[in-house]
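S.K.:
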Amino acid sequence: MQLKILVWLSLVFSPSLMALPALSVVEVEQGIYVHFGQHQFPNKTNHGAIANIGFIIGEQCVAVIDTGGNPEQGYALKKAIEKITDTPVCYVINTHVHPDHIYGNIAFKQPNVKFIGHKNLARAMATRSHYYIDKAAEQLDVHLLAKDIIAPTKEVKRQLMIDLGNRKLMLTAHPTAHTDNDLSVLDKKTNSVWLSDLLFVKHIPVLDGSLKGWLKVLNQLEQHDYKTVIPGHGAVVRDWPKSMQPEKQYLERLLIEIRAMLAKGQFIEQAIEQVGYSEKSKWLLFDKYHKRNVTSAFAELEWED
Amino acid sequence: MKKSVIKVLIFCLLLTPIWVSAAKKDEVNWNYVLKKQYFRGQTIIESDDIIEIEVPYRAEDPALVPIKIISKIKQTSQNYIKKILVLVDNNPMPFVGEFKFTPLSGQADLAMRIRVNSYSYIRVIAETSEGKLYMTKKFVKASGGCSAPIGNDLDAAMKRLGKMKFKFDKHRQAGKPLQTQLLISHPNITGMQMDQVTRFVKKSHFIKQFKVTFNGQSVLKAKVDIAISADPNFRFYFLPEQGGELKAEFTDTSCESAVSRKVCSKGKRYSISQIMTD
C-alpha cells in the first residue's frame with residue numbers, strides 16, 4: 009500500500025519519468041506544422057509553454073522553429089516530429105532570445121543539429137541567461153542550467169538560405185524591433201513566413217527592443233504578399249497584412265501619445281499611467297505588458313530631438 | 195460564497211508564514227549586513243517625516259523602475275539634507291548611489307530609474323546637515339516575463355554613449371527651485387552575463403560618478419553603480435537666483451567583476467553645459 013503511494017507520488021512529481029505525450033501540432037501549409045500556444049502569462053502552471061512553436065519538413069531535413077518554454081515541451085515537440093516523419097532534424101532555428109521560444113533547445117542537442125540564430129542572439133543569451141535561469145526556477149518552476157540554453161552554432165548577419173531538400177528557407181535577421189535579435193523564416197515553396205514575435209495576434213505586443221524599429225520592420229513586411237503568416241502568439245494569418253493592423257495601430261498609438269507627452273515636458277511615471285489605455289479592450293494580457301511597453305518606449309523616444 | 199471565503203482564508207494562512215519569514219530575513223539582512231556596512235554604530239531613525247520614496251507597486255520592467263524621493267524639509271543654509279543613500283536590499287550589488295545636496299539644490303528631491311533584480315525593499319537613508327540619519331523604505335515586486343534588468347538595444351546605447359541633455363520645467367518661477375532633468379546616454383553594462391553560455395565576455399561598464407554645478411557651485415554630486423538603468427536619467431532641483439552656467443560632468447569606469455570594485459579602469463570623462471538667462 010505504502011509502496012503504491014510512493015510510486016504514485018514519484019510519478020506525479022517527476023514528469024520526466026512519465027511517457028511524454030507528443031505535442032499537438034497543426035499542419036497550416038504543406039509540411040509546415042505549428043503548435044499554437046495559449047494566451048497566458050508565463051507561470052508555474054503552464055511552465056512558460058505559451059508560444060507558437062513548430063517545424064518545417066523538407067525531403068532531407070526538418071527545421072525546428074523555436075523549441076518551447078521548457079525542456080519538456082522541447083521533448084514533446086521532438087516526439088511530435090518523430091510521429092509525423094522519419095526525416096531527421098538538421099536545424100533548430102531560434103527566432104529570438106525570449107524564454108518561451110528557446111527553453112526547449114536542449115531536447116534537440118545532437119552533434120549533427122545546427123542551431124541558427126540572429127547575429128545578436130548569442131550576446132542576448134549571455135547577458136540575460138543569468139537572470140533568466142534564476143527566474144525560471146522562481147516563477148515558472150522550470151529548472152535549467154547554463155548548458156540548456158544553447159547558443160547558435162550558425163549566426164545570421166542579414167540573410168541566410170538553407171535547403172531542407174527541395175525546400176528552401178530564407179532566414180532574415182531584422183534590425184532591432186521586438187528584440188534586438190529577431191529572425192524570420194520564409195518558406196519559398198508555400199510563400200509562408202514565420203514571423204514569430206514580430207507579430208502578435210490578440211495577445212498584446214510585447215516591446216523589448218525598439219518601438220520605432222519595430223514599426224519600420226512592419227512597414228517593410230507589409231509590402232510583401234505572403235500567403236500564410238505564423239505569429240509568435242495567436243492564430244495563423246491568411247489575410248496578410250490585414251491581421252497585422254491592430255499591432256501596428258497599437259505601436260503607433262504609443263509613438264504618438266508618448267511624443268505628445270514629451271513635448272509637454274511630462275515624465276515617464278505620468279506616461280505609464282496615461283498612455284495607450286484606449287487600446288486596452290483590444291488585447292489579451294494588456295495589464296501584464298502594457299506598462300512595460302510604455303516604459304520601454306518612453307526611454308527610447310526621449311532621445312529624439 | 196462562504197466556501198470561497200474559507201478557501202481564501204486558508205490560502206492566506208498558508209501564505210502568512212512565508213511572508214513573515216521573508217520580511218524577517220530582509221530585516222536581518224539589513225541589520226546585520228547592510229547597516230553594518232554603511233552605517234556602523236550609527237543611529238538611524240525610521241520615519242517618513244524627512245523624506246519619502248515613491249515606487250511602483252510592481253516593477254513592470256525590472257530594467258527600468260522609476261523611483262522618486264521626496265524631501266519634506268526646505269534646503270536652508272541652516273538645515274538641509276546633505277546626503278541621500280539608496281539601496282536595493284536584494285540586488286546582487288545593493289548599492290544604487292550616494293547623492294550629495296547643498297542649499298543651492300533648493301529642494302533635495304530626486305527621481306531616477308533603477309534596476310531591481312527580484313522582490314526587494316528599496317531603502318533611502320537621508321543625512322541632514324546636523325548629521326542625523328533618517329530612513330524610509332518601500333517594497334517592490336519584480337515582475338515576471340521576459341525582460342531582464344539590462345537594456346533592450348545595446349548597439350543603439352553604445353552608439354550614443356556620452357551624449358547628455360538637460361530638460362527644464364517650463365513653468366519657471368523666480369526665487370523657486372527649478373525642476374531639472376539630466377539625461378545621460380550610457381548602456382551602464384552590469385557585467386553580469388553568463389560567459390559559459392556563449393563565451394561572450396563583457397566587463398561591467400558604468401557611470402561611477404557625476405556632478406551638476408551652477409556657476410561653479412555644487413547642486414548635486416553623486417556616486418553611482420550598476421543598479422542605475424541604461425541611459426541614466428536624474429530629476430532634481432536647483433535654485434537659479436540669477437542667470438549663469440549649469441554644467442554636468444560624469445566619469446565612467448569598467449570593472450573586472452560585476453560585484454567587486456577592486457579592479458577597475460580609470461574610465462572617461464564627459465561634460466555638458468548650458469547657459470541659463472535671467
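Residue numbers (our numbering), protein chains in the order written: chain A, 9 to 313; chain B, 195 to 472.
Note that CB positions come from ideal geometry on N, CA and C, so glycine has one too.
Here the structure is a predicted model, which means the values were calculated and not measured.
#1: Along the alpha helix (DSSP H) that carries E281 (chain A), what are the first and last residues, could you check?
#2: Below 7 Å CB to CB, which residues in the same chain sit around D295 (chain A) once its five sequence neighbours on both sides are set aside?
#3: Among all the DSSP beta bridges, which residues are the ones paired with C449 (chain B)?
#4: Figure out for me which residue from B:A442, B:H365 and B:G300 has the closest Cα to the Cα of A416 (chain B).
#5: Determine the burial state of V222 (chain B): buried for a count of at least 16 other Cβ atoms within 10 Å of its Cβ, exposed for fewer.
#6: Does P434 (chain B) get closer than 8 Å to chain A when you measure Cβ to Cβ?
#7: Quick check: the Cα distance between I422 (chain B) and L258 (chain B), rounded to an integer number of angstroms?
#8: Contact criterion: CB-CB distance below 8 Å. Does K299 (chain A) meet it with respect to chain B?
#9: Would A84 (chain A) and H126 (chain A) be called neighbours here (beta carbons separated by less than 8 Å)?
#10: Which residue comes first and which comes last in the beta strand (DSSP E) that contains G62 (chain A)?
#11: When we look at the beta-carbon of E439 (chain B) and count the other beta-carbons within 10 Å, is it buried (16 or more) or exposed?
#12: Over the uninterrupted alpha helix (DSSP H) stretch that includes I7 (chain A), give me the two end residues.
#13: Return the chain-ordered list of same chain residues with a C-beta closer than 6 Å to the C-beta of V453 (chain B), the five sequence neighbours on each side being excluded.
#14: Suppose the cutoff is 7 Å on Cβ atoms and the five residues either side in sequence are ignored; what does the same chain contact list for T303 (chain A) look like?
#15: Looking at the unbroken alpha helix (DSSP H) that takes in K353 (chain B), where does it start and where does it end?
#16: What three-state label does DSSP hand L194 (chain A) in the structure shown?
#17: Against chain A, does M358 (chain B) count as a neighbour if the rule is that its beta carbon must be under 8 Å from one of theirs?
#18: Grab me the residues of S200 (chain A)'s own chain with a C-beta within less than 8 Å of its C-beta, minus the 5 sequence neighbours each way, in chain order.
#19: To the nearest whole angstrom, what separates the beta carbons of F233 (chain B) and L327 (chain B), a pair I think is in contact under 8 Å?
#20: Use the C-beta contact count for Q301 (chain B): other C-beta atoms within 10 angstroms, 16 or more gives buried, fewer gives exposed.
#21: When you compare the segment 247-266 of chain B with the segment 354-361 of chain B, are there three or more beta-carbon pairs, one atom per stretch, that lie closer than 8 Å?
#22: In whole angstroms, what is the alpha-carbon distance linking S265 (chain B) and N227 (chain A)?
#23: Strictly below 7 Å CB to CB, what residues from chain B border I276 (chain A)?
#24: Please classify Y285 (chain A) as buried or exposed, where buried requires at least 16 other C-beta atoms within 10 Å of its C-beta.
#25: Take K396 (chain B) as the anchor and find which of B:K402, B:V406 and B:G385 has the nearest alpha-carbon.
#26: I'd like the ranges of any beta strand (DSSP E) spanning at least 3 consecutive residues and lying wholly in the segment 225-292 of chain B.
#27: Contact criterion: CB-CB distance below 8 Å. Does L17 (chain A) meet it with respect to chain B?
#28: Counting Cβ pairs closer than 8 Å, one from the segment 307-314 of chain B and one from the segment 423-436 of chain B, do we hit at least three?
#29: Looking at the structure shown, is K214 (chain A) part of a helix, part of a strand, or coil, going by DSSP?
#30: At a CB-CB cut-off below 7 Å, which residues of chain A make contact with E254 (chain B)?
#31: What residues in the segment 181-205 of chain A bring their beta carbon closer than 8 Å to a beta carbon of chain B?
#32: Could I get the ranges of all uninterrupted alpha helix (DSSP H) runs contained in the segment 73-140 of chain A, with 4 residues as the minimum, in chain order?
#33: Of all the options A:Q282, A:H55, A:P50 and A:V72, which has the alpha carbon lying nearest to the alpha carbon of S204 (chain A)?
#34: Start and end of the alpha helix (DSSP H) containing M234 (chain A)?
#35: Could you please tell me which residues of the segment 127-138 of chain A, in chain order, have their CB closer than 7 Å to any CB of chain B?
#36: Of all Cβ atoms in chain B, is any one closer than 8 Å to the Cβ of W311 (chain A)?
M.R.: In this structure, then:
#1: Along the first sequence, read from residue 1 onward, the residue named residue 281 (chain A) stands at position 273. The continuous alpha helix (DSSP H) containing E281 (chain A) extends over residues I276 to Q282.
#2: On the first sequence, position 287 is the one that residue 295 (chain A) refers to. Apart from the 5 residues on each side of it in sequence, D295 (chain A) has no Cβ closer than 7 Å to any other Cβ in its chain.
#3: On the second sequence, position 255 is the one that residue 449 (chain B) refers to. C449 (chain B) is bridged to B:S398 and B:C458.
#4: For this step, residue 416 (chain B) is matched to residue 222 along the second sequence. With respect to the C-alpha of A416 (chain B), the residue from B:A442, B:H365 and B:G300 having the closest C-alpha is B:A442.
#5: Taking the second sequence and counting its residues from 1, one reaches residue 222 (chain B) at position 28. Exposed, by the Cβ-count rule.
#6: What you label residue 434 (chain B) is simply residue 240 of the second sequence in a count that begins at 1. Output row for P434 (chain B): interface = no.
#7: Taking the first residue of the second sequence as 1, we reach residue 422 (chain B) at position 228. Taking the first residue of the second sequence as 1, we reach residue 258 (chain B) at position 64. Their backbone Cα atoms lie some 8 Å apart in a straight line.
#8: Translated into positions along the first sequence, residue 299 (chain A) becomes position 291. Contacts with chain B at 8 Å (Cβ-Cβ) include K299 (chain A).
#9: Position 76 of the first sequence, counted from the first residue, corresponds to residue 84 (chain A). Position 118 of the first sequence, counted from the first residue, corresponds to residue 126 (chain A). Contact: no.
#10: In the first sequence, residue 62 (chain A) corresponds to position 54, counting from 1. Unbroken beta strand (DSSP E) run through G62 (chain A): I61 to I65.
#11: As a first step, residue 439 (chain B) must be located in the second sequence, where it is residue number 245. Under a 10 Å Cβ-count criterion, E439 (chain B) is classified as exposed, with fewer than 16 other Cβ atoms of the shown protein chains found around its own Cβ.
#12: Residue 7 (chain A) falls outside the range modelled here, since chain A spans only 9 to 313, and no answer is possible.
#13: In the second sequence, counting from the first residue as 1, residue 453 (chain B) sits at position 259. Excluding residues within five positions, the ones whose Cβ falls inside 6 Å are P286 and M287.
#14: Working through the first sequence from its first residue, we reach residue 303 (chain A) at position 295. Excluding residues within five positions, the ones whose Cβ falls inside 7 Å are I276 and I280.
#15: Position 159 of the second sequence, counted from the start, is the residue given in the question as residue 353 (chain B). Residues L348 to R354.
#16: Your numbering for residue 194 (chain A) matches position 186 in the first sequence. When DSSP states are grouped into helix, strand and coil, L194 (chain A) belongs to the strand group.
#17: Along the second sequence, one-based indexing puts residue 358 (chain B) at 164. Contact of M358 (chain B) with chain A is not assigned, every C-beta pair being separated by 8 Å or more.
#18: Stepping through the first sequence from its first residue, residue 200 (chain A) is reached at position 192. So the list reads V36, E37, I40, L194, Y234, K235, T236, V237 and I238, once near-sequence residues are dropped.
#19: The count along the second sequence starts at 1 and reaches residue 233 (chain B) at position 39. The count along the second sequence starts at 1 and reaches residue 327 (chain B) at position 133. The C-beta separation of F233 (chain B) from L327 (chain B) comes to about 7 Å, placing the pair in contact by the 8 Å criterion.
#20: Within the second sequence, the letter at position 107 stands for residue 301 (chain B). Burial call: buried.
#21: In short, these stretches do not touch, since the Cβ pair count stays below three.
#22: For the purposes of this step, residue 265 (chain B) is taken as residue 71 along the second sequence, with counting starting at 1. For the purposes of this step, residue 227 (chain A) is taken as residue 219 along the first sequence, with counting starting at 1. Pairing S265 (chain B) with N227 (chain A), the inter-Cα distance amounts to about 47 Å.
#23: In the first sequence, residue 276 (chain A) corresponds to position 268, counting from 1. Result: P260.
#24: The residue you call residue 285 (chain A) lines up with position 277 of the first sequence. Exposed: under 16 other Cβ atoms inside 10 Å.
#25: Against the second sequence, residue 396 (chain B) aligns to sequence position 202. Residue B:G385 is the option with its Cα nearest to K396 (chain B).
#26: Qualifying beta strand (DSSP E) stretches, in chain order: 238-240, 245-248, 259-265 and 275-282.
#27: To locate residue 17 (chain A), count along the first sequence from 1; it is residue 9. The predicted model places L17 (chain A) with a pLDDT of 47, which falls under 50 and marks its position as unreliable; any figure quoted below should be read in that light. Judged by the 8 Å Cβ criterion, L17 (chain A) is not in contact with chain B.
#28: Contact between the segment 307-314 of chain B and the segment 423-436 of chain B is present, with at least three C-beta pairs closer than 8 Å.
#29: Residue numbering aside, residue 214 (chain A) sits at position 206 when the first sequence is read from its first letter. For clarity, residue 214 (chain A) is Val in the given sequence; the question names Lys instead. In the displayed model, V214 (chain A) falls within coil according to three-state DSSP, outside both helix and strand.
#30: Here residue 254 (chain B) corresponds to residue number 60 of the second sequence, with the count starting at 1. For a Cβ distance threshold of 7 Å, residue set K299, R300 and T303 of chain A lies close to E254 (chain B), ordered along the chain.
#31: For the segment 181-205 of chain A, the beta-carbon criterion of a distance under 8 Å to any beta-carbon of chain B is satisfied by T184, T187 and D188.
#32: Secondary structure in the segment 73-140 of chain A: the alpha helix (DSSP H) runs of 4 residues or longer, each lying completely within the stretch, are 79-92 and 107-110 in chain order.
#33: For the purposes of this step, residue 204 (chain A) is identified with residue 196 of the first sequence, where counting begins at 1. Minimum Cα distance to S204 (chain A) is reached at A:V72.
#34: Within the first sequence, residue 234 (chain A) is the residue found at index 226, counting from 1. Here residue 234 (chain A) turns out to be Tyr, not Met, going by the sequence shown. Run containing Y234 (chain A): none; DSSP gives neither H nor E here.
#35: Only those residues of the segment 127-138 of chain A whose C-beta falls short of 7 Å from the nearest C-beta of chain B are listed: A130, R131, M133, A134, T135, R136, S137 and H138.
#36: Taking the first sequence and counting its residues from 1, one reaches residue 311 (chain A) at position 303. It does: the Cβ of W311 (chain A) has a partner Cβ on chain B nearer than 8 Å.
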